[in-house]
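A.B. asks:
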Amino acid sequence: MLSFLKQTAFVPYILFASLSSVLSARTASTSHPITSRQDTPFPPYIAEPANGTALTPGQNFTFSYIGVADYGRSSYAYHLWLFADDVFEKPFSPSETWTNGYYFGKFDYANYPAIPYEKHPAPSQFTTPDFSKANGGWGDGKVATDHPMRLVVLEEWADGFGSVGHNVAVFSDQVIYNATGH
């Protein structure tokens, strides 16, 4: 009986190890991590805007994010950025100008038991910033046309496996800023 218990206790570990190796192989086989609904059939992903969506400065765009929270996983907040560069192609290290972009804010969504009720939900629409306008102070704007950008979500989450601080997940869709030919 004891050997049977040892074998069955080992089964979840084997299943988890197999799943981990499959996901690692999937991520390693692409140039970017699993980042959008086109890459994965399960959450998390940016539901709107879709990859390749054209964003016009000063105009609204619909935003919808399906987060990591699920049974056994809690989400605490997510941050939404529009980066002017493909940040996945750059080394992440201290730099005066690692990238450029726009910060839309910090949001959350209801997921029991971490956040039973939304405190800071994201609006359903955001306004595309106009980078050609001056920022104020010494900051000046710059015109960009047909510029590929990354809409990036950084989500803080945790589960029962424990972590030193929150886990941080990164998801993105590529959008085209100030598209003229789309």
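Sequential numbering from 13 applies to the sequence shown in my numbering.
Glycine included, each C-beta is placed from N, C-alpha and C at the ideal position.
Figure out for me which residue from S107, E130, P160 and F143 has the closest Cα to the Cα of K118.
C.D. replies: Among S107, E130, P160 and F143, the Cα nearest to that of K118 is on E130.
A.B. asks: Tell me whether the stretch 56-70 and the stretch 136-144 touch, counting them as touching only if at least three CB pairs, one residue from each stretch, are closer than 8 Å.
C.D. replies: Yes: the two stretches touch, three or more of their Cβ pairs being nearer than 8 Å.
A.B. asks: Is DSSP giving E101 helix, strand or coil here?
C.D. replies: Three-state DSSP puts E101 in a helix.
A.B. asks: So is P56 buried or exposed if we call it buried at 16+ other beta carbons inside 10 Å?
C.D. replies: P56 is buried by the Cβ-count criterion.
A.B. asks: Cβ atoms of P125 and S87: under 8 Å apart, would you say?
C.D. replies: Cβ distance not < 8 Å, so S87 and P125 don't count as in contact.
A.B. asks: From P103 to W169, what does the alpha carbon distance come to, in whole angstroms?
C.D. replies: Using only the alpha carbons, I get a separation of about 24 Å.
A.B. asks: Are the beta-carbon atoms belonging to M161 and A66 less than 8 Å from one another?
C.D. replies: No, these two residues do not count as a Cβ contact at 8 Å.
A.B. asks: In the DSSP assignment, find the unbroken beta strand (DSSP E) run with D171 in it and report its ends.
C.D. replies: Start and end: H159 to D171.
A.B. asks: Considering only the alpha carbon of each residue, which of L166, N179 and Y189 lies closest to K154?
C.D. replies: Here the closest residue by C-alpha is Y189.
A.B. asks: Going by beta-carbon coordinates alone, are G113 and L94 separated by less than 8 Å?
C.D. replies: Yes, they are a contact pair.
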